[in-house]
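Undergrad: One structure follows; several queries about it will come next.
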Amino acid sequence: MSERKQQVSRRQFLNYTLTGVGGFMGAAMLAPMVRMAVDPVLQPKKEGDFVAVTEVSKLTKEPQRFNFKIEQVDAWYTSEVTKAAWVYKKENDEIVALSPICKHLGCVVNWEGGQGHEDRFYCPCHGGLYEKNGENVPGTPPLAPLDSYKTKVKDGTLYLGEAVPNMEV
Amino acid sequence: MQWNTEDMNMYIHSKEYVDTCVIPLLPVSFNAEDDKLVSMAFQHEFLTVFTNEIEKQFKGRIFLSPSYTYSPSAEIELEMNRLNKWCEEAEAQGFNHILLFTMDPKWKKQERKLDGSLVWLPAGQVDSLQSEEAQKYVQSQIDQVTELIMAYWQE
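Laid out in structure tokens, this is it:
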């Protein structure tokens, strides 16, 4: 036997094998921990469920109120919650769905509720007013425009998603 | 607004806007016949749904208090004093309108001696609040009461 073929001694061989196997074992233990640590980063951001609300053909240029149900998950229980939206079509047929929750203190606003509020949303609690596009009328209590729902149309049905701050105004 | 920390924090920062207090009145007792037990449970269920819906409509102006519970066999004079004490405290807190919701005709008879405005709802014949028919019925009642409340505000 030449010296060259003796390059790996018994001691070295054992060292290599143990390091290799030990390394695998260590990796096997660490991998799930690492996976868990970075999990929130890997999780795709949940895109908020869309709920079927009405047929697009029923929409008019005048805001109409539609109710729909969503499943709300709180820390302690899951419940079915009824939500509402004021929906109308703009002149260019673009669909607008506004949340009826007043940005002042959270009452429910009505389209043309009461006299002298034509073509506006009116909050019965403290007289807050909003234009048709959801913009708050200066001089009334609300300080922000009504939130708008994300909209999606599929096969002639209108789907609404989560309510987001109104970007139109 | 409701009796929880989140709404309470909102309330203490906007007291000047919240001028109406809603208190449901509920009889509670375990010492009763079976049909009375059912009736009391129904009152609780119905008034909870009812007042929650009203609170949702007028969240920014109405504070929904936890229910005032009383024993159906207690002496009415004593209960009235205790209830008026609640109303007094609410008034001192700045609530100009105190609405007492009940389905118990006992209170109706004492209405004039109460410090709050009594809203008496007849019990009706609803077996289950879950059916669609019942929902429509209750919703129409709620709509009428919201109009009543707005009328109170306009005074």
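Chains A and B, in that order, give the protein sequences. Sequential numbering from 1 applies to the first sequence in UniProt numbering. Sequential numbering from 1 applies to the second sequence in UniProt numbering. From the three backbone atoms N, C-alpha and C, an ideal C-beta is built for every residue, glycine too.
1) Using three-state DSSP, classify G23 (chain A) as helix, strand or coil.
2) Just the chain E side, please: which residues come within less than 9 angstroms of F101 (chain B) by C-beta, in chain order?
3) Could you tell me whether the segment 21 to 40 of chain B touches the segment 67 to 84 of chain A, using the rule of 3 or more Cβ pairs below 8 angstroms?
4) Would you mind stating whether W3 (chain B) and L64 (chain B) have Cβ atoms separated by less than 9 angstroms?
5) So, using beta-carbon positions, are L158 (chain A) and K150 (chain A) closer together than 9 angstroms?
6) What are the boundary residues of the beta strand (DSSP E) that includes V137 (chain A)?
7) Answer with yes or no whether the minimum CB distance from V18 (chain B) to chain A is below 9 angstroms.
8) Residues of the segment 96 to 109 of chain A in Cβ contact with chain B at a cutoff of 9 angstroms, in chain order, please.
9) Could you tell me whether the Cβ of P63 (chain A) comes closer than 9 angstroms to any Cβ of chain B?
10) Can we say the segment 49 to 64 of chain A touches the segment 81 to 96 of chain A, given the rule of at least three CB pairs closer than 8 angstroms?
11) List in chain order: all unbroken alpha helix (DSSP H) runs of 4+ residues lying wholly within the segment 76 to 134 of chain B.
12) Do you know whose CA, among A:V108, A:P63, A:G22, lies nearest H126 (chain A)'s CA?
13) Here's the rule: buried if 16 or more other CB atoms are within 10 angstroms of the residue's CB, otherwise exposed. What is residue 160 (chain B)?
14) Within 8 angstroms, do at least three Cβ pairs link the segment 120 to 136 of chain A to the segment 11 to 23 of chain A?
15) Measure from the alpha carbon of P165 (chain A) to the alpha carbon of each residue in A:G156, A:L146, A:R120, then state which is nearest.
16) Taking the alpha-carbon of M150 (chain B) as reference, which of B:S67, B:K113, B:K108, B:L99 has the nearest alpha-carbon?
17) Taking 9 angstroms as the threshold (C-beta atoms), are E168 (chain A) and N136 (chain A) in contact?
18) When the Cα atoms are used, what is the spatial distance from M25 (chain A) to D74 (chain A)?
19) Between the alpha carbons of F30 (chain B) and E118 (chain A), how many angstroms are there, rounded?
20) Assuming the contact rule is C-beta atoms closer than 8 angstroms, M80 (chain B) and K113 (chain B) should be a hit. Round their C-beta distance to whole Å, please.
21) Along chain B, in chain order, which residues have C-beta atoms closer than 8 angstroms to that of H126 (chain A)?
22) Identify the contact partners of M8 (chain B) in chain A, using a Cβ-Cβ distance below 7 angstroms as the criterion.
23) Starting from the beta carbon of S14 (chain B), find every residue of chain A whose beta carbon is closer than 7 angstroms, and list them in chain order.
24) With DSSP as the reference, identify every bridge partner of P24 (chain B), one or two as the case may be.
25) How should residue 173 (chain A) be labelled, buried or exposed, when 16 other C-beta atoms within 10 angstroms of its C-beta is the threshold for buried?
26) If you draw a straight line from the C-alpha of M1 (chain B) to the C-alpha of Y17 (chain B), how long is it?
27) How big is the Cα-Cα spacing for N110 (chain A) and K69 (chain A)?
TA: In brief:
1) Position 23 of the first sequence, counting from 1, holds the residue named residue 23 (chain A). Helix at G23 (chain A).
2) Absence of chain E from the displayed structure is noted, the protein chains being A and B.
3) no
4) Looking up residue 3 (chain B) in the second sequence gives position 3. Looking up residue 64 (chain B) in the second sequence gives position 64. Yes, Cβ-Cβ distance for W3 (chain B) and L64 (chain B) is below 9 angstroms.
5) Counted from its first residue, the first sequence places residue 158 (chain A) at position 158. Counted from its first residue, the first sequence places residue 150 (chain A) at position 150. Taking 9 angstroms as the Cβ cut-off, L158 (chain A) and K150 (chain A) do not qualify as a contacting pair.
6) For this step, residue 137 (chain A) is matched to residue 137 along the first sequence. From DSSP, V137 (chain A) is part of no beta strand (DSSP E); its letter is neither H nor E.
7) Working through the second sequence from its first residue, we reach residue 18 (chain B) at position 18. At a cut-off of 9 angstroms between beta carbons, V18 (chain B) contacts chain A.
8) I101, C102, H104, L105, G106, C107, V108
9) Mapped onto the first sequence, residue 63 (chain A) falls at position 63. So, not an interface residue.
10) Remark: three or more beta-carbon pairs, one from each stretch, lie closer than 8 angstroms, so the segment 49 to 64 of chain A and the segment 81 to 96 of chain A are flagged as touching.
11) Listed in chain order, the alpha helix (DSSP H) runs fully inside the segment 76 to 134 of chain B are 76 to 92, 105 to 109, counting runs of at least 4 residues.
12) One-based indexing of the first sequence puts residue 126 (chain A) at position 126. Of A:V108, A:P63, A:G22, the residue nearest in Cα terms is A:V108.
13) Missing from the structure shown is residue 160 (chain B); chain B here goes from 1 to 155 and no further.
14) Counting Cβ pairs under 8 angstroms, fewer than three are found: no touch.
15) In the first sequence, residue 165 (chain A) corresponds to position 165, counting from 1. For the residues A:G156, A:L146, A:R120, the minimum Cα distance to P165 (chain A) belongs to A:L146.
16) Counted from its first residue, the second sequence places residue 150 (chain B) at position 150. Comparing Cα-Cα distances from M150 (chain B) to each of B:S67, B:K113, B:K108, B:L99, the minimum goes to B:L99.
17) Looking up residue 136 (chain A) in the first sequence gives position 136. Looking up residue 168 (chain A) in the first sequence gives position 168. Their beta carbons are not under 9 angstroms apart, which means N136 (chain A) does not touch E168 (chain A) by this criterion.
18) On the first sequence, position 25 is the one that residue 25 (chain A) refers to. On the first sequence, position 74 is the one that residue 74 (chain A) refers to. Looking at the two C-alpha atoms, the distance is approximately 40 angstroms.
19) If you number the second sequence from 1, residue 30 (chain B) lands on position 30. If you number the first sequence from 1, residue 118 (chain A) lands on position 118. So the alpha carbons of these two residues sit roughly 53 angstroms apart.
20) Residue 80 (chain B) sits at position 80 when you count from the first residue of the second sequence. Residue 113 (chain B) sits at position 113 when you count from the first residue of the second sequence. Yes, M80 (chain B) and K113 (chain B) are in contact; Cβ-Cβ is about 6 angstroms, under 8 angstroms.
21) Walking along the first sequence from the start, residue 126 (chain A) turns up at place 126. Those are Y17, G60, R61, listed as they occur along chain B.
22) By one-based count along the second sequence, residue 8 (chain B) stands at place 8. Ordered by position in chain A, no residue passes the 7 angstroms Cβ test against M8 (chain B), which lies about 13 angstroms from the chain.
23) Numbered from its first residue, the second sequence carries residue 14 (chain B) at position 14. Here the neighbours are L105.
24) The count along the second sequence starts at 1 and reaches residue 24 (chain B) at position 24. Its beta-bridge partners are B:F101.
25) Nothing about residue 173 (chain A) can be reported from this structure: the residues present for chain A run from 1 to 169 only.
26) Working through the second sequence from its first residue, we reach residue 1 (chain B) at position 1. Working through the second sequence from its first residue, we reach residue 17 (chain B) at position 17. The C-alpha of Y17 (chain B) is placed about 11 angstroms away from the C-alpha of M1 (chain B).
27) Along the first sequence, read from residue 1 onward, the residue named residue 110 (chain A) stands at position 110. Along the first sequence, read from residue 1 onward, the residue named residue 69 (chain A) stands at position 69. Approximately 19 angstroms, taken between the alpha carbons.
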